[in-house]
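Written out below as structure tokens is the structure these notes cover.
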Amino acid sequence: MVLLRPRTPPMGWNSWDCYGTTVTEAEVLANAEILAGELLPQGWDTVVIDIDWSDPTARSHGYNGEAPLAMDDHGRLIPDVVRFPSSAGGAGFAPLAERIHALGLKFGIHTMRGIPRRAVAARTPILGADATAAVVADPRNLCEWNPDMLGLDHSHPAAQAYYDSTIDLYASWGVDFLKTDDMLWPYQTADIEAYSAAVERSPRGFALSLSPGRDLSMAHLDHLRAHATMWRVSDDLWDDWSAVVANLARLGRWAPHAIEGAWPDGDMLPLGRLGLRAERGAPRDDALTPAQRRTLLTVWLMARSPLMIGGDLPTTDPATMALFASPAVARIVSDSIGGREVLREEPLVLWTAEGRSGARYAAVINLGDEPLATAVDASAIGFDGGAPVRDLWTGATFDRAPVAVQSDDARGVAPGSTALRVVLEPHASALLMQEGD
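Taken in order, the sequence shown gives residues 81 to 517; the numbers are from this note's numbering.
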């Protein structure tokens, strides 16, 4: 098989923002049932179990040194049977994946770069190679934030055999999506190539997501496109408006380089019910305002970023669930191409995108702390035809009128040009569409 290259950015739910390292099988299934029942028609189709699913001592707010990770005789991590009871008897994630697939969804798991410390200490044999974990370990290349793994020495052929064996195991479970961590900060060229090669050799296709993206350089673009389905462009994003604004700027830089099957990733959507047992904060509804939530989702859509909901779906408020279920989401994801930031004169930010259908899209964003009334040059954002312009979030139709004179709310619009007048509350956005003539 080959590394999966989906036509549109992956969409779904991830357990990290609400459950951290401690999610259980029952909680995964509860979220999967909501995803399938309420959000699948809009394209949300992937369920991802995040980090430490093999740790029987997993706890909220951090990692455990020398954790007794569950693993098989070849040093490959397997699920903790207490939190994932269907994995008992060597079944692994196969029974859970089968239940997820029966809902019409895809199943994903988090994996880490390297090889478990516990496997190295036990000198477990590597499947498909005449070597042990101790021979291929590289203790100099450690993860800075998680103590579970040692690096791999890729000058030894058994290092590739180890990655091949783990991917074969995940394929046997029916995994569709891999969120593989500690790959990008610092940038791990050898591991990325070895992991991608293991995926390419697998009898099952996988989408491959690489994390985290702190200080990720555009110099790696071609390498990332060649070896991953998606890659993070930021560190973990939480429900803080200033952090969201910083990621809006990152996506502005990366979005023009998104191509079909290779997607820059602004990280999970920290929306809904967060922190039930997560790394950061107490149980809460996210701290963003309704306008900020909509603006976050607007830019992720226009940037063609993957969309992974971080909140616990069974306990997320109806208004946020309605935002995820909006027809605007399915419309933009399925139709838009070429999304890019075309103007940043804070507080005003403009994005545009074309549509496969011939439609045109634009986002008008107010990053300011005060209301903003502005006139946007219709031709500058591609709205030249006679078809109506409407906001996909609200359904409101926008009037277009010639700008008679230059004014504070019509900066950059020449007198006589056709303008769209938009009024936005603080941190709010309009997601505009014009059907093709």
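By construction, the Cβ of each residue, glycine as well, lies at the ideal position given by its N, Cα and C atoms. Remember, predicted model here, so these are calculated numbers, not experimental data.
### Query
Nearest to residue 358 by CA position, among 97, 83, 86 and 87, is which residue?
Looking only at 97, 83, 86 and 87, the smallest Cα-Cα distance to residue 358 is reached by 97.
### Beta bridge counterpart(s) of residue 267 as assigned by DSSP
Paired residue(s): 264.
#### Entry: Same chain, Cβ closer than 6 Å to residue 412, five either side skipped, listed in chain order
Answer for residue 412: 381, listed in chain order.
### Query
Using a Cβ-Cβ cut-off of 6 Å (strictly less than) and excluding sequence neighbours within five positions of residue 131, which residues of its own chain qualify?
Only 101 and 190 meet the Cβ criterion.
### Query
What beta strand (DSSP E) runs, 3 residues minimum, are completely inside the segment 322-405?
Listed in chain order, the complete beta strand (DSSP E) runs (minimum 3 residues) inside the segment 322-405 are 343-345 and 387-389.
#### Entry: Rounded C-alpha distance that separates residue 148 from residue 128
Here the alpha carbons of residue 128 and residue 148 stand approximately 23 Å from one another.
### Query
Taking the C-alpha atoms as reference points, what is the distance between residue 434 and residue 343?
Separation of residue 434 and residue 343 (C-alpha to C-alpha, rounded to the nearest whole angstrom) is 17 Å.
### Task
Quick one: using the 10 Å Cβ neighbour count with 16 as the cut-off for buried, is residue 253 buried or exposed?
Counting C-beta atoms within 10 angstroms of its own C-beta, residue 253 has 16 or more neighbours from the protein chains shown and is therefore classed as buried.
### Query
Counting pairs of beta carbons, one from the segment 190-205 and one from the segment 147-165, are three or more of them closer than 8 Å?
Because the criterion of three Cβ pairs below 8 Å is met, the segment 190-205 and the segment 147-165 touch.
### Message
Let me check understanding here. Comparing Cα to Cα, which of 287, 307, 280 and 370 lies closest to residue 187?
### Response
Residue nearest to residue 187 within the set 287, 307, 280 and 370 is 287 (criterion: CA-CA distance).
### Message
Could you compute how far the alpha carbon of residue 351 sits from the alpha carbon of residue 82?
### Response
Rounded to the nearest angstrom, the two C-alpha atoms are 33 Å apart.
### Task
Return the bridge partner residues of residue 504 from the DSSP annotation.
Per DSSP, 452.
### Task
Measure from the alpha carbon of residue 369 to the alpha carbon of each residue in 331, 293, 447 and 333, then state which is nearest.
Answer by Cα proximity: 447.
### Query
Can you tell me whether DSSP reads residue 441 as helix, strand or coil?
The answer is strand: DSSP assigns residue 441 an E or B state.
### Query
Considering only residues of the same chain and omitting the five flanking positions on each side of residue 165, which have a CB-CB separation below 8 Å?
Excluding residues within five positions, the ones whose Cβ falls inside 8 Å are 105.
### Message
Just list the residues that DSSP pairs residue 514 with in beta bridges.
### Response
Beta-bridge annotation (DSSP): residue 514 is paired with 440 and 469.
### Residue environment, residue 142, which counts as buried when at least 16 other CB atoms sit within 10 Å
Classification of residue 142: exposed, given that the 10 Å Cβ count is below 16.
### Query
Taking DSSP as the reference, what is the three-state secondary structure of residue 246?
DSSP places residue 246 in helix when its eight states are reduced to three.
### Message
Let me check understanding here. Comparing Cα to Cα, which of 512, 355 and 206 lies closest to residue 236?
### Response
Cα-wise, what sits closest to residue 236 is 206.
### Message
For a test of the three-state rule: what should DSSP assign to residue 276, helix, strand or coil?
### Response
In the displayed model, residue 276 falls within a helix according to three-state DSSP.
### Query
Which residues share a DSSP beta bridge with residue 93?
127 and 389.
### Message
For a test of the three-state rule: what should DSSP assign to residue 195, helix, strand or coil?
### Response
Here DSSP, grouped into helix, strand and coil, assigns residue 195 to strand.
### Bridge partners - residue 431, DSSP secondary structure assignment
Beta-bridge pairing by DSSP links residue 431 to 421 and 443.
### Query
When DSSP builds the beta bridges, which residues end up paired with residue 218?
For residue 218, the beta-bridge partners assigned by DSSP are 231.
### Query
I think residue 376 touches residue 354, with their Cβ atoms under 8 Å apart; what is that distance to the nearest whole Å?
Incorrect: roughly 14 Å between the Cβ atoms, too far for contact.
#### Entry: Local conformation of residue 301 per DSSP, three classes
It is helical.
### Query
When DSSP labels each residue in this structure, what does residue 416 get in the three-state scheme?
Strand.
### Task
Could you confirm whether any beta carbon from chain E is found closer than 8 Å to the beta carbon of residue 155?
Protein chain content of the structure displayed is limited to a single chain, and chain E is not contained in it.
### Spatial neighbours of residue 515 in its chain, beta-carbon cut-off 6 Å, leaving aside the 5 residues before and after
So the list reads 439 and 467, once near-sequence residues are dropped.
#### Entry: As assigned by DSSP and simplified to three states, the class of residue 37
Absent from the model: residue 37. The displayed extent of the chain is 81 to 517, so no value can be given.
### Message
With H, G and I counted as helix, E and B as strand and the rest as coil, what does DSSP make of residue 312?
### Response
In the three-state reduction of the DSSP assignment, residue 312 falls in the strand class.
### Task
Whole angstroms is fine: what's the gap from residue 298's alpha carbon to residue 257's?
Between the C-alpha atoms of residue 298 and residue 257 there is a straight-line separation of about 24 Å.
### Message
For residue 470 and residue 112, I'd like the C-alpha separation in whole angstroms.
### Response
The C-alpha of residue 470 lies about 33 Å from the C-alpha of residue 112.
### Query
Using a Cβ-Cβ cut-off of 7 Å (strictly less than) and excluding sequence neighbours within five positions of residue 170, which residues of its own chain qualify?
Excluding sequence neighbours, residue 170 sits near nothing in its chain.
### Message
Just to check my reading of the structure: residue 227 and residue 145 have Cβ atoms closer than 8 Å, yes? What is that Cβ distance to the nearest angstrom?
### Response
Separation of the CB atoms of residue 227 and residue 145 is rounded to 5 Å, and the pair is thereby assigned contact status at 8 Å.
### Task
Pick helix, strand or coil for residue 307, following the three-state DSSP scheme.
Residue state, collapsed to three classes: helix.
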